[in-house]
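In full-length UniProt numbering, the protein residues as written are 1 to 358.
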């Protein structure tokens with residue numbers, strides 16, 4: 001999804017891909033096959049690149065520091081990215097900054113969680129995503145699985161929240177910052193399913209608070225590129241930070257079709273030190289619905305049905321093999337009436353998930 005704006009901006013992308021058929025390798029001709037966990041693979045991929053950036057947070061910090069020492073511009077840099085890689089580092093830093101977070105604590109043994117109190121959420125400090133590495137625990141009997149997992153853990157309060165929000169900003173290597181409308185994110189089994197931009201009926205004071213939090217984090221952590229701050233809107237009208245992502249994020253995919261400048265273009269502009277683009281919505285409402293692997297196995301064949309049924313809905317397929325619950329694409333609808341936009345986006349996504357059952 002970074003390739004189309006790169007073409008328009010005249011930026012050549014070189015990719016490190018884990019296999020020849022992964023989504024990005026299908027559209028970026030200049031790619032190397034290897035793993036982000038191998039320093040030699042990283043070196044081979046970035047040797048001719050003036051700027052290095054990422055589409056996930058899993059590159060080992062020690063490898064990033066080596067690349068920086070060898071003269072590569074990594075954006076975001078390892079000192080920033082560690083806050084999206086390690087939840088314990090992130091929680092400590094945000095707490096020091098006075099950024100509102102759920103009550104939390106590091107835990108080394110089940111007794112620590114019992115002392116913290118039930119119910120609670122236990123998380124792995126590193127590596128979790130889309131609900132993986134996250135456990136809701138209601139008693140000591142629920143602690144066997146998280147404490148059987150490798151790596152450090154932390155515990156957080158079970159937040160009574162009204163909904164989940166996402167605040168995104170782009171921060172350039174020059175220090176320029178632009179922010180996107182705060183959106184509502186709806187989850188299914190821990191996976192983002194639907195995003196509404198902007199978040200409906202969001203109190204203006206809470207929206208301003210969410211934007212300010214995202215800007216503060218971007219500046220204080222020296223983020224370069226896109227930053228997504230996933231938030232809880234609590235039942236008592238507070239905003240709490242849940243997670244951070246320092247890259248284009250699923251909650252910003254709506255911007256490809258719904259904003260003047262997509263998150264992918266602004267990420268490229270930011271890491272290259274170019275002036276950032278306007279984030280103004282093209283229409284009052286945008287709705288993005290993820291296509292999660294379901295009954296439809298041949299998405300290429302089914303897209304004709306979806307396009308015919310909803311010709312004004314944009315379909316994005318990722319070229320991935322269909323597996324149950326896997327993100328294999330998304331659709332975006334825009335318009336002036338939220339209920340109509342929701343209906344069209346959901347119908348299109350259902351056609352690509354369940355076929356004629358929609």
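Where is the CB? At the ideal position from N, CA and C, for every residue including glycine.
Beta bridge counterpart(s) of residue i as assigned by DSSP
| i | result |
| --- | --- |
| residue 124 | 153 |
| residue 254 | Partner(s): none; residue 254 has no beta bridge. |
| residue 336 | Residue 336 pairs with nothing; no bridge assigned. |
| residue 288 | 195, 332 |
| residue 68 | Answer is none; residue 68 lacks a bridge partner. |
| residue 17 | 33 |
| residue 170 | 178, 226 |
| residue 51 | 73 |
| residue 184 | 165, 196 |
| residue 315 | 331 |
Backbone CA spacing between residue i and residue j [nearest angstrom]
| i | j | result |
| --- | --- | --- |
| residue 83 | residue 63 | 16 Å |
| residue 100 | residue 280 | 27 Å |
| residue 359 | residue 182 | Because the chain in this structure spans residues 1 to 358, residue 359 falls outside the shown range and cannot be described. |
| residue 92 | residue 259 | 34 Å |
| residue 243 | residue 214 | 11 Å |
| residue 277 | residue 223 | 17 Å |
| residue 105 | residue 88 | 9 Å |
| residue 31 | residue 45 | 8 Å |
| residue 287 | residue 148 | 39 Å |
| residue 169 | residue 274 | 15 Å |
| residue 112 | residue 247 | 33 Å |
| residue 304 | residue 345 | 15 Å |
| residue 103 | residue 11 | 43 Å |
| residue 167 | residue 307 | 30 Å |
| residue 184 | residue 254 | 11 Å |
| residue 116 | residue 271 | 41 Å |
| residue 74 | residue 58 | 14 Å |
| residue 55 | residue 143 | 32 Å |
| residue 335 | residue 343 | 11 Å |
| residue 205 | residue 43 | 46 Å |
| residue 363 | residue 138 | Because residue 363 is not part of the residues shown, which for the chain are 1 to 358, the question remains open. |
| residue 174 | residue 145 | 45 Å |
| residue 355 | residue 157 | 40 Å |
| residue 16 | residue 67 | 14 Å |
| residue 2 | residue 212 | 27 Å |
| residue 154 | residue 125 | 6 Å |
| residue 201 | residue 13 | 40 Å |
| residue 165 | residue 189 | 17 Å |
| residue 232 | residue 48 | 41 Å |
| residue 245 | residue 179 | 15 Å |
| residue 322 | residue 289 | 16 Å |
| residue 41 | residue 114 | 44 Å |
| residue 268 | residue 252 | 14 Å |
| residue 236 | residue 152 | 31 Å |
| residue 162 | residue 34 | 42 Å |
| residue 261 | residue 108 | 44 Å |
| residue 285 | residue 79 | 36 Å |
| residue 4 | residue 140 | 50 Å |
| residue 98 | residue 61 | 25 Å |
| residue 225 | residue 216 | 14 Å |
| residue 340 | residue 239 | 29 Å |
| residue 328 | residue 71 | 36 Å |
| residue 195 | residue 330 | 11 Å |
Cβ-based burial, residue i [other Cβ within 10 Å; buried from 16]
| i | result |
| --- | --- |
| residue 187 | exposed |
| residue 123 | buried |
| residue 291 | buried |
| residue 300 | exposed |
| residue 230 | buried |
| residue 38 | exposed |
| residue 119 | exposed |
| residue 332 | buried |
| residue 9 | exposed |
| residue 250 | buried |
| residue 19 | exposed |
| residue 349 | buried |
| residue 295 | exposed |
| residue 218 | buried |
| residue 302 | buried |
| residue 136 | exposed |
| residue 199 | buried |
| residue 85 | buried |
Residue i: CB within 8 Å of a non-hydrogen atom of the ligand FMN
| i | result |
| --- | --- |
| residue 324 | Looking for the ligand FMN in the displayed structure turns up nothing, as the structure carries no ligands at all. |
Neighbour flag for residue i against chain D, beta carbons, 9 Å
| i | result |
| --- | --- |
| residue 21 | In the structure shown, chain D cannot be found, because there is only a single protein chain. |
(request) Determine contact between the segment 312-328 and the segment 272-286, defined as no fewer than three beta-carbon pairs at a distance below 8 Å. (result) As far as the Cβ criterion goes, the segment 312-328 does not touch the segment 272-286, which means the pair count is below three.
(request) Let me know the alpha helix (DSSP H) ranges lying completely inside the segment 206-284, each 4 residues or longer, listed in chain order. (result) If only complete runs of 4 or more residues are kept, the segment 206-284 shows the alpha helix (DSSP H) at 255-258, 263-272, in order along the chain.
(message) What ranges does the alpha helix (DSSP H) occupy inside the segment 82-143, keeping only unbroken runs of at least 4 residues that lie completely in it?
(response) Runs of the alpha helix (DSSP H) lying entirely within the segment 82-143 and spanning at least 4 residues, in chain order: 87-97, 110-116.
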